[in-house]
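For the sequence shown, this note's numbering begins at -15 and goes up steadily by one. What follows is a set of notes on a single structure, which appears directly below.
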Amino acid sequence: MTDELTVARAALHMWEEPCISGERGSGTVFFTGCPLHCVYCQNAEISCEAAGAGKAVDTARLTAIFLELQEKGANNINLVTAGHFTPHVADAIKRAKSQGLTIPVVYNSSGYESYDTLRMLDGLIDVYLPDLKYNDPTVAAKHSGAPDYFDVASRAIDEMVHQTGTPVFADPGCQVDEGIMLRGMIVRHLVLPGHTDDSRRVISYLHERYGNDIYISIMNQYTPMPRVRDYEDLGRALFNYEYSEVVDFAVSIGVKNGFIQEGGTVAESFIPPFNCEGV
-15 MTDELTVARA
-5 ALHMWEEPCI
5 SGERGSGTVF
15 FTGCPLHCVY
25 CQNAEISCEA
35 AGAGKAVDTA
45 RLTAIFLELQ
55 EKGANNINLV
65 TAGHFTPHVA
75 DAIKRAKSQG
85 LTIPVVYNSS
95 GYESYDTLRM
105 LDGLIDVYLP
115 DLKYNDPTVA
125 AKHSGAPDYF
135 DVASRAIDEM
145 VHQTGTPVFA
155 DPGCQVDEGI
165 MLRGMIVRHL
175 VLPGHTDDSR
185 RVISYLHERY
195 GNDIYISIMN
205 QYTPMPRVRD
215 YEDLGRALFN
225 YEYSEVVDFA
235 VSIGVKNGFI
245 QEGGTVAESF
255 IPPFNCEGV
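Written as structure tokens, this is what we have:
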């Protein structure tokens, strides 16, 4: 194992949930590579290791990046797809905390994480921000190459909830913006065109298991990327009525703690330039 990892961007990011970005932005560190191979990935430029994006950094530099983002006023450190670099990331968090890092650390993940990986992060992560993409193994296999996705991700989410507990938010006068999540869990679910039945199963599972001890973020920002041209079900944007059906279902079963997206959010504003800014 080397002391190097690859980062494509480290900058303030305004497009997360309100309790993550706030007004000042989330100090988001985009790592390259991903254990999944989602055909519709919006970050394919950096998720595919063969693409060669990003810049190699060592643990000392990653530590400095965290502290620089705090100096820029970030509400948190937001680690995007860092699981395959966990030993280095855990070491950098420990170093940064010993050198004055005090803002929350957010772990932003596909949800496809091993228990051993998460145990290395116990006590270091304040907020978990995983996806729960699928319930149906057939859909998971077709679109992400991971028929075991639900089994792996549901176990991972159990451990994440165990580590963080119920949500805690910043009061006025805190170091970060009022209302920023200081501790807790937000599970994201992107509604895919033609797959609202699976979305309902995902949301039903989360609510039955965790109730309102977690937040559920239901997203409508699916954007047809060039790689989906061979997938008939994914070759279009999500219809408004499909998204509304899923949101209405969540409300009908009693989901109270959640986030929804309004209006048309199929746009490149959610895809930042991966130009090694801040690295």
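Each residue gets a CB set at the ideal place from its N, CA and C atoms; glycine is no exception.
Three-pair Cβ contact test at 8 Å for the segment 70 to 88 versus the segment 43 to 55: Yes, the segment 70 to 88 is in contact with the segment 43 to 55.
Selected residue, minimal CA-CA separation from I195, among G149, Y118 and W(-1): Before going further, note that residue 195 is Gly rather than Ile in the sequence given. For G195, the nearest C-alpha among the options comes from G149.
Cβ-Cβ distance between I61 and G107 below 9 Å: Taking 9 Å as the Cβ cut-off, I61 and G107 do not qualify as a contacting pair.
Delimiting residues of the beta strand (DSSP E) encompassing E(-12): Per DSSP, E(-12) is one residue of the beta strand (DSSP E) stretching across E(-12) to H(-3).
Boundaries of the alpha helix (DSSP H) in which A234 is found, first to last residue: Residues N224 to S236.
Contact set for H72: own chain, Cβ-Cβ below 6 Å, skip 5 residues either direction: Excluding residues within five positions, the ones whose Cβ falls inside 6 Å are L(-11) and T43.
Euclidean distance between Cα positions of A124 and P131: A direct Cα-Cα distance of roughly 5 Å separates A124 from P131.
Residue of N204, D110, V235 and P208 minimising C-alpha distance to Y225: Here the closest residue by C-alpha is N204.
G67 burial status per 10 Å Cβ neighbour count (16 or more: buried): By the C-beta density criterion, G67 is buried, having at least 16 other C-beta atoms within 10 angstroms.
Terminal residues of the beta strand (DSSP E) in which I4 lies: Going by DSSP, I4 is part of no beta strand (DSSP E) but of the alpha helix (DSSP H) stretching over P2 to S5.
Simplified DSSP state of I49, which is helix, strand or coil: In this structure, I49 counts as helix in the three-state DSSP scheme.
The alpha helix (DSSP H) enclosing H191, as first and last residue numbers: Where H191 is concerned, the enclosing alpha helix (DSSP H) stretches over T180 to Y194.
Minimum C-alpha distance to G219 - residue among G178, A234 and F243: When only C-alpha atoms are compared, the closest one is G178.
Expected contact under 8 Å - CB spacing of L46 and A74 to nearest Å: With a Cβ gap of about 11 Å, L46 and A74 do not count as contacting.
I237, buried or exposed, once every other Cβ within 10 Å from all chains shown has been counted against 16: For I237, the number of other beta carbons within 10 angstroms of its own is below 16, and it is reported as exposed.
8 Å CB neighbourhood of M(-15) in its chain, flanking five on each side removed: With a pLDDT of 40 at M(-15), under the threshold of 50, the predicted position of this residue should be treated as unreliable, and no value is reported.
4 or more residues per run - each alpha helix (DSSP H) lying fully within the segment 107 to 181: As far as the segment 107 to 181 is concerned, its whole alpha helix (DSSP H) runs of at least 4 residues are 121 to 128 and 133 to 148.
6 Å Cβ shell around A(-8) - same chain, five flanking residues per side excluded: Hits under 6 Å: F14, T16, I30, A37, G38 and F258.
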